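Working notes, beginning with the structure itself.
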Ligand code: S3P
């Protein structure tokens with residue numbers, strides 16, 4: 729029988745909307761914690777042998793989500809534990825979310841709409857934003873996804889602060905969460 733890892737032994741999975749900085753903050757967090765870093769979107773591209781825009785265009789979003797589920801499932805079982813940046817829709821998939829809650833410590837990175845719009849930029853290769861007004865799409869995604877992202881173990885408001893500030897906030901939240909767990 730396999731049991732789920734103790735909190736201190738779990739992979740740290742970052743969730744949140746496009747543009748919030750999951751990869752940048754994730755990479756820095758991994759350095760700070762001396763853990764490997766994995767990027768789910770990159771691993772999906774590697775496994776599929778094509779880019780995310782190509783997967784969406786050639787196979788459709790449902791195929792992308794199925795691939796995302798498989799890849800994240802594999803990464804969450806991978807040792808050693810690591811920092812895992814996931815694509816913005818991953819935590820919305822019920823199966824992927826269940827797995828992430830079981831196997832990882834989940835951290836929701838949050839930012840205001842203005843910050844996200846600025847960060848995703850005008851020229852965008854993200855399929856969900858292609859040819860659309862990012863402000864409108866991101867607002868719709870906030871309405872739909874925020875109640876689900878709120879199920880993450882830890883929430884960090886990143887706003888306009890540098891990645892280092894988010895990393896400090898995450899490491900502090902992780903340490904106090906572990907202390908609280910040890911005291912129980
Ligand atoms: C998506 C976010 C993207 C990528 C894909 C779908 C989403 O990842 O997985 O384009 O559904 O929000 P990032 O959040 O890293 O941009």
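Numbering (my numbering), first residue to last: 729 to 912. Here a beta-carbon is modelled for each residue, glycine too, at the ideal position from N, C-alpha and C. Being a predicted model, the structure only gives us computed values, none of them experimental.
Within the DSSP bridge table, the entry for residue 767 names 813 as partners. Secondary structure in the region 733-779: the beta strand (DSSP E) runs of 3 residues or longer, each lying completely within the stretch, are 739-743 and 765-767 in chain order. Residue 817 has its CB nearer than 7 angstroms to a heavy atom of the ligand S3P. By alpha-carbon distance to residue 735, the top candidate from 828, 823, 789 and 869 is 828. Where residue 832 is concerned, the enclosing beta strand (DSSP E) starts and stops at 832-838. DSSP places residue 886 in the coil class of the three-state scheme, outside both helix and strand. Remark: the C-beta of residue 862 is outside contact range of the ligand S3P, defined as less than 7 angstroms to any heavy atom. Set against 7 angstroms, the gap from the CB of residue 746 to the closest heavy atom of the ligand S3P is smaller. Excluding the 5 residues flanking it on each side, residue 857 has same chain C-beta neighbours closer than 6 angstroms at 865, in chain order.
With a cutoff of 7 angstroms, residue 750 counts as near the ligand S3P, since its C-beta is closer than that to a heavy atom of the ligand.
Residue 794: member of the alpha helix (DSSP H) spanning 789-804, first to last residue. Burial is judged here by how many other beta carbons sit within 10 angstroms of a residue's own beta carbon; residue 766 has at least 16 and is buried.
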